[in-house]
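Protein chains in written order, with this note's numbering: chain Z, 1 to 289; chain G, 1001 to 1913.
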Amino acid sequence: MTASQDTQTKGETLAEGFSPLLLQAQRLAATLSWGEHGRRRSGAGDAFWQFRNARPGDAQSGIDWRRSAKSDEQFIRETEWQVAQTLQIWVDPSAAMTFTSGGPSKAQMGATLALASAILANRAGERVGPTGMSIMPKTGAAQLQKLAQFWSTPDPDLDFGTPDPSGLRAGSQAMLLSDFMGNLAGVETFLQSAARQSCQGVAIMVLDPQEVEFPFAGRTVFQSMTGTLEFESNKATSLQQKYQSALRERQSYLKALCDNAGWHFHVYETNTPAHDTMIWICRILGGMK
Amino acid sequence: MIGAIGFLAPWLLLAAFALPVLWFLLRAIPPAPLIQRFPGIALLIGLKDEDAETARTPWWLLLLRISAVFLLIVGFASPVLNPNVDDKANIPLLVVMEGSWAEAPTWNVRRERAVAALQSGYRNRRKTAFINLSSGVDEEQIAFAQTTSALEAARVSEPTPWQPNYELLANIRAEGSFEVLWLASPVKYEDQSDAMVQLLANGPVKAAFFDDPIVALSDVRLDGSEIIVEASGVNLTQPSSFAVLALGDGPDGAEVVLDRQQLVLDAGASQGEIVMNLPAELRSRISRFEIESQPHAGATHLTDGSLRRPEVGLYSGAARVQEGAALLTLLHYPRQAFEGRADLVEGTLGDILQANPDALILADVAEVPNFAAIYSWVEDGGRLIRFAGPRLAAAEVDRLEADPLMPVSIRAGGRTLGGAMSWGQPKTLLPFKEGSPFFGLNLPDDIQVRAQVLAQPGPDLPNRVIAQLEDGTPLVTLRKVGLGSVALFHVTANTEWSNLPISGLFVDMLIRLTSGSQITDLANLPDTAMAQLQVRIEADGTISSVETQPGIPVQDILQGSLSAKVPPGVYDGEEITLARNVLAADQMLQPASFPDGVRFEADGTIPETPLMHYFLVGALALFVLDALATLWMSGRLRKVVRVAPILLMGLMLSNEVDAQTDDQSAIELTSEIVFGYILTGDARVDEISHAGISGLSDVLFARTSVEPVAPVGIDLATAELSFFPLIYWPITSDQTLPSDDAVARLNRYLKSGGMILFDTKDGNVAGLGQGITDEGRKLQEIAQRLELPRLEPIPEDHVLTRSFYLLQDFPGRHYGSRVWVEASPVGQQSSTTGFRNLNDGVSPVVIGGNDWAAAWAMDSLGRPMFPIGQGFQGERQRELAARFGVNLVMYVLTGNYKSDQVHVSDILERMGQ
């Protein structure tokens, strides 16, 4: 990187409010790379796929002379078909995601994971965009910046979010990042729609450690982040077991939903390193071995 | 009344009826819940609590709160244990406190007794009144009333350092008989008994608290060189010993105990005295005497000027004598004579007069400068002592008209005895006559007068001669002028004309002439003389200085009895300083006596005890418990418990005291020359400092006879600085400022001849237009608190430029920034030789920014640690830096020695002649 580019980057970094997110995501993505997306069939591409007998109508230039010289047949060298894929990512913009028990908020970590995935996909030449119709999937650094801004502005009035299946492209890959604490009907609809369009993907449940442990005690009034829902407990400790089993139940339900749609499900807690989850994402979406 | 407990405000107890209502109210309101934002709420909805009982306040918490409120109600109802039930409830009650100094030690107990009696009276619906007989000039009528006004007056009453005024009892307006509770002073006063007799006529009188032991100082006087302190005591149950302290200003101005003696007094009423034998120097500093652990005004005795040492001004007509000729100066012997006995003031006559000395010595001054000022000073009581001399003898003064500042007129020329050209033998002295201030002094027989000035004969002459030679000619004459006097020694103040100044007699004569400077003859004071209170003795024996006060006629101070108008203390008038103490010189304490008919308070009665505060504290404790319980219930107690140990730990963290420099290291530091450097806390800078001073030490070792050992890092917080002749102080922008204690030690070090080389290490950037650097600012912060002299850049002729090498620049690693030293005194810019001839002390600081340590620094193999400049020129600069170091060390170790050497050429020239 030359000095002037460096200065430019720095200047942009200072100028843009979302840059820490982008930097964090870049750091997370630095050591990883997307695998290639072979389509398991011959077509335009760099990787060798197969030799086949030349048939009438094949171009003369397609004949692999070295292979043909070994026998009496003429062989055509075919390469594997490689196309740029589309990755569509949904980061739950709801107020629930802004909850934090001291560390980074769920929204922050969700956006970081999403952006890191976007960076990796972009590096592999794939198109990246959010679900819905607002931003079309594209490649390029400008797109990353747009995404970073898009994902770092949650909607404070929305209690729980639902992914929007419209704009989902057939055959694309998708990624859902949410705490999945709201109504799961929307998620179910999305997954069905995705399955119909042979859209594969991952659903990652981002949870705060407090949401896992439920460390509350005494007389407590629980409110949803926007304050619209309220639940009063006179002895919060007695609820811990029940809460945790309800959480497990929800997770297994989500996993079942994903399995049905051919998706993968993962739980990420914001106090654990994001790198492991990132590797998992790479393995599933990027075909990393 | 419930059993032994009574209430002052029983109607408040009605509030207790409201408690059941409170019970229901509190029960209906559950403790406030904790509000928690939680996205997982979706999972909670539909879950059920196991038990819902905490929605209501638990009964035990309710009980706790109700008890707390109950305690509050009872507490504010002012419960009293064993309330005094007085059977004579129908007649009014008068509580009398004498309020004198003798009651001060037990005042709180007395006041509580008075308050208790008045409270009890009020509770029993008696009319009450209260009077403090010392409370100043209260002209108001004191009326009995069935209110708490007397109670409130008693609560705020205070003792005074004077005696009670029994006439105030006349202000009491009474109808019919009344009962009196007399809280008596343990010390007898003149009208005490009569006053009680008068009160007895109106009703019963009960006396309490009359037998406290009291010891007071009655007189302090000077007998020769001994101070005799008299004290008397009353009501002592057994022979006791008391410590009497003489207090005065210490060398640093703070009050210190100058002497402590044990005073032993017999039981009962007794008198005793102690003798303090103090050197004159200490004696003159005493400002007061005090009996230890007797907190009342009688135990404090202020001294006026009688023990004070005089202030003597010295002035000589002769020109300043060169150094080394001290024994020849005219003032040497008077100065020696007063050494330790008086505060000496020297300088110009104007300066001396400004100090308003008690005496002024003029040695051989013919034409007195500031004549008018001196004359008015003498008229106001100053003692002028003049010495003759060649100048006075030769002066062209009008011999006929008497000089008002001379006791006699002098004949021109004087005479010489026993010399080669004279007829007579040296003369000795005649014994002093009665009436002479010298009367009674021993006359050594070896005193010889070889020359003198003679007085013009006249009718007044015999009266004015106070010492004469064997031939009757005057040796010392004295004349009173106004309130003061003028004395003349007809010989010189040095040994030129006589050997009188080297005799012990000379000392005694001067003391006699000056010690009586204070006017002690108080009877002669004009009636209009006024004095102002300067220092006041409080009732508890403490001393407080007072704001400007109106003057009080001296006669009142001397003769009037002590009162609010004339409180005990030190008064300052125009001519006098008076100390008025609580006891007069001949006064002796007497135990209080009571007329027949006075009842004494029985021992058997249980004093009533107010219980209010116990109930309130109990209620507070319950409320604290309640707060903790509430926290616990809402699950927040754990947080408090978690924080508490941290807070406790913070409190318990004690300052670890670093080990002081022990004797062993002190011996090591002083047996060799050791240079020090200040540890800045920056490891790199400290390393460079060490290497730099080591490098300089090597250079010194190789080139000079200074052979320093390895330098020592100095931690300013703890180290003793005085072992180091030179301290190198590199300034870093982030070093911590020295503590107050460290600053004090630094100042002591600088004053006692130490030197600090400040190095801001910013010579490369300082003064390049950016203004002051961070290091420079730090240096300013440090230097502000040090007592540094005025500074100037090293002038060309400074000793530093030639103390070993001849230098004009003082480079270090940087070159050319200015180096500052103590400014030379004004008017001593340079002498004819072109060199400074007065640079006596060594500058306590050298300040610069050339980063010398880096230039001197060498590694373990003796190679320079840092590059300087470029090529040969850089090496030259390093050499100059080393030379500056050598010069600096030479300057530190030899002072202005090299400055003197510049006169060698002159001296050689003179010797050649």
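All C-beta atoms in this analysis are idealised placements derived from N, C-alpha and C, irrespective of residue type, glycine included.
Predicted model, so just to flag it, every value in this text is computed and none were measured.
Secondary structure of residue i, DSSP reduced to three states
| i | result |
| --- | --- |
| G/Lys1977 | As displayed, chain G neither begins before 1001 nor continues past 1913, which places residue 1977 of chain G out of reach and without an answer. |
| G/Arg1173 | strand |
| G/Gln1119 | helix |
| G/Ser1545 | strand |
| G/Tyr1805 | coil |
| G/Ala1366 | coil |
| Z/Ser245 | helix |
| Z/Gln200 | strand |
| G/Ile1035 | strand |
| G/Met1612 | helix |
| Z/Asp164 | coil |
| G/Arg1125 | coil |
| Z/Gln26 | helix |
| Z/Lys138 | strand |
| Z/Tyr268 | strand |
| Z/Phe222 | strand |
| Z/Glu211 | helix |
| G/Met1890 | helix |
| G/Ile1041 | helix |
| G/Arg1863 | coil |
| Z/Lys169 | Note that residue 169 of chain Z corresponds to Arg in the displayed sequence, not to Lys. Coil. |
| Z/Ser193 | helix |
| G/Ala1412 | coil |
| G/Tyr1375 | helix |
| G/Gly1604 | With a pLDDT of 43 at G/Gly1604, under the threshold of 50, the modelled position of this residue cannot be trusted, and the question is left open. |
| G/Ser1831 | Reliability fails at G/Ser1831, whose pLDDT of 43 lies under 50, so the model's placement of it is uncertain and the value that follows must be treated cautiously. Coil, per DSSP. |
| Z/Phe51 | strand |
Close-in-space but distant-in-sequence residues of the same chain around residue i (CB under 7 Å, 5 per side omitted)
| i | result |
| --- | --- |
| Z/Ala236 | Phe216, Ala217, Gly218, Thr220 |
| G/Gly1885 | Leu1696, Val1699, Trp1852, Trp1856 |
| Z/His264 | Val202, Cys258, Ile284 |
| G/Leu1589 | Val1187, Ile1214, Ala1216, Ser1232, Gly1233, Val1234, Ala1269 |
| Z/Pro104 | Thr270 |
| Z/Asp208 | Phe99, Thr100, Ser101, Lys106, Thr270 |
| G/Asp1572 | Ala1531, Gln1532, Gln1534 |
| G/Gly1272 | Ala1231, Leu1263, Val1264, Leu1265 |
Where residue i falls, given that 16 or more other Cβ within 10 Å makes a residue buried
| i | result |
| --- | --- |
| Z/Met97 | buried |
| G/Ile1385 | buried |
| G/Glu1796 | exposed |
| G/Leu1861 | exposed |
| G/Thr1303 | buried |
| G/Gly1541 | buried |
According to DSSP, residues forming a beta bridge with residue i
| i | result |
| --- | --- |
| G/Asp1211 | Per DSSP, none; premise fails for G/Asp1211. |
| G/Ser1485 | G/Arg1383, G/Lys1480 |
| G/His1301 | G/Phe1289 |
| G/Trp1182 | G/Val1096, G/Ala1207 |
| G/Asp1219 | G/Glu1230 |
| Z/Ser178 | Z/Met205 |
Contacts around residue i, its chain only, beta-carbon distance under 6 Å, and the 5 residues preceding and following it disregarded
| i | result |
| --- | --- |
| Z/Glu16 | In this prediction, Z/Glu16 scores a pLDDT of 49, lower than 50, which makes its location untrustworthy; no coordinate-derived value is stated. |
| G/Pro1789 | Glu1822 |
Contacts around residue i, its chain only, beta-carbon distance under 8 Å, and the 5 residues preceding and following it disregarded
| i | result |
| --- | --- |
| G/Val1345 | Glu1311, Val1312, Gly1313, Leu1314, Asp1351, Ile1352, Ala1355, Pro1357 |
| Z/Gln241 | none |
Any non-hydrogen atom of the ligand NAD closer than 7 Å to residue i Cβ
| i | result |
| --- | --- |
| G/Gly1695 | Absent from the structure shown: the ligand NAD. Ligands present: none. |
Touching by the beta-carbon criterion (3+ pairs, under 8 Å), the stretch 1094-1102 of chain G and the stretch 1155-1172 of chain G:
By the Cβ criterion, the stretch 1094-1102 of chain G is in contact with the stretch 1155-1172 of chain G, since at least three pairs of Cβ atoms, one from each stretch, lie closer than 8 Å.
Are the stretch 1280-1297 of chain G and the stretch 1239-1247 of chain G touching, with three or more C-beta to C-beta distances below 8 Å?
Proximity of the stretch 1280-1297 of chain G to the stretch 1239-1247 of chain G meets the contact definition, three or more beta-carbon pairs being nearer than 8 Å.
I'd like to know if the stretch 1720-1733 of chain G and the stretch 1683-1694 of chain G are in contact, where contact means that at least 3 CB-CB pairs between them fall below 8 Å.
Counting Cβ pairs under 8 Å, three or more are found: they touch.
Three Cβ pairs or more, each shorter than 8 Å: is that satisfied between the stretch 1742-1758 of chain G and the stretch 1797-1814 of chain G?
They do not touch, by the three-pair rule.
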